[in-house]
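Chains as they are written, first to last, in the numbering used here: chain A, 1 to 114; chain B, 1 to 112.
Cβ atoms here follow ideal geometry from the backbone N, Cα and C, with glycine treated the same way.
In what follows, a structure is listed as structure tokens, so that the remarks can point back to it.
Spelled out as structure tokens, the structure:
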């Protein structure tokens with residue numbers, strides 16, 4: 001079956017613009033995760049969905065970041081008024097039920113804010 | 001808060017050498033521990049995991065034992081191959097189940 005897909009694969013935007021990043025998890029996976037990987041740094045956990053609910057949003061870096069998941073499937077990460085420090089690779093992963101299940105990662109969206 | 005600290009890289013080894021990548025963690029309660037690997041040009045994938053103390057995860061010749069007394073989950077392989085060249089990430093699932101923490105990654109290059 002298909003793996004986790006993300007779109008776009010690359011996004012270049014100007015400072016101050018809003019961007020939307022999309023994640024399509026593996027069909028049937030109830031858990032979905034967003035991470036950010038900045039150059040030279042590890043993966044930073046952003047948010048986790050169980051179904052359509054995000055129990056803990058404290059990992060989001062600022063109130064310019066928001067995420068939603070609809071129908072227990074597709075998720076969108078939105079960054080408003082982008083800043084240069086938002087430039088990173090944004091990774092999405094899904095797992096069948098919980099954190100202890102294997103996470104399957106998408107290829108990522110590389111965001112560049114000019 | 002919970003965190004993972006792993007050995008800085010990069011690491012360069014000759015083929016058939018022994019590998020150890022250190023990973024220690026800080027967590028309340030009983031987290032689950034993971035090693036993920038990213039091969040060149042590929043996405044992250046799970047290498048192995050352990051969900052309780054004294055468990056040993058193993059895969060592809062790699063092993064790691066969940067040591068609660070030393071809060072460690074070191075990755076080991078007795079004889080590395082060129083195909084093991086990748087970036088390895090230690091990771092922790094918080095006890096609350098709502099957060100996940102990755103280390104900064106250790107780049108391994110194995111030369112023939």
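- Closer than 8 Å to the CB of residue 99 of chain A there is at least one CB belonging to chain B.
- Per DSSP, the continuous beta strand (DSSP E) segment holding residue 89 of chain B begins and ends at 86 to 93.
- The Cβ of residue 56 of chain A sits closer than 8 Å to at least one Cβ of chain B.
- Contact of residue 51 of chain B with chain A is assigned, a C-beta pair being separated by under 8 Å.
- Inter-residue distance for residue 18 of chain B and residue 35 of chain B is about 17 Å (C-alpha atoms, whole angstroms).
- Taking a cut-off of 8 Å for Cβ pairs, the segment 10 to 28 of chain B and the segment 14 to 29 of chain A do not touch, as fewer than three such pairs fall below it.
- Residues of chain A whose Cβ lies closer than 7 Å to the Cβ of residue 32 of chain B are, in chain order, 99, 100.
- Residue nearest to residue 103 of chain A within the set B/41, B/47, B/4 is B/47 (criterion: CA-CA distance).
- Using beta-carbon distances, residue 43 of chain A counts as an interface residue toward chain B, with a partner under 8 Å.
- Within chain B, the residues 43 have their CB atoms less than 8 Å from the CB of residue 106 of chain A, given in chain order.
- No Cβ of chain B is located within less than 8 Å of the beta carbon of residue 90 of chain A.
- Ranking A/5, A/90, A/42 by CA distance to the CA of residue 102 of chain B puts A/42 first.
- In this structure, DSSP gives residue 84 of chain A a helical state, which the three-state scheme calls helix.
- Under the Cβ distance rule, residue 59 of chain A counts among the residues neighbouring chain B, one pair being separated by less than 8 Å.
- DSSP places residue 83 of chain B in the helix class (H, G or I) of the three-state scheme.
- Any Cβ of chain A closer than 8 Å to the Cβ of residue 46 of chain B would place that residue at the interface, and such an atom is present.
- If you check the CB distance, residue 66 of chain B and residue 91 of chain B do not come in under 8 Å.
- CA-to-CA, the gap between residue 94 of chain B and residue 98 of chain A works out to about 11 Å.
- In this structure, DSSP gives residue 27 of chain B a state outside helix and strand, which the three-state scheme calls coil.
- Look at residue 103 of chain B: its C-beta is under 8 Å from a C-beta on chain A.
- Around the beta carbon of residue 29 of chain B, a 10 Å sphere encloses fewer than 16 other beta carbons of the protein chains shown; the residue is thus reported as exposed.
- Within the DSSP bridge table, the entry for residue 92 of chain A names A/34 as partners.
- The beta carbon of residue 11 of chain B sits closer than 8 Å to those of 19, 21, 106, 107, 108, 109, all from its chain and outside the five residues before and after it, given in chain order.
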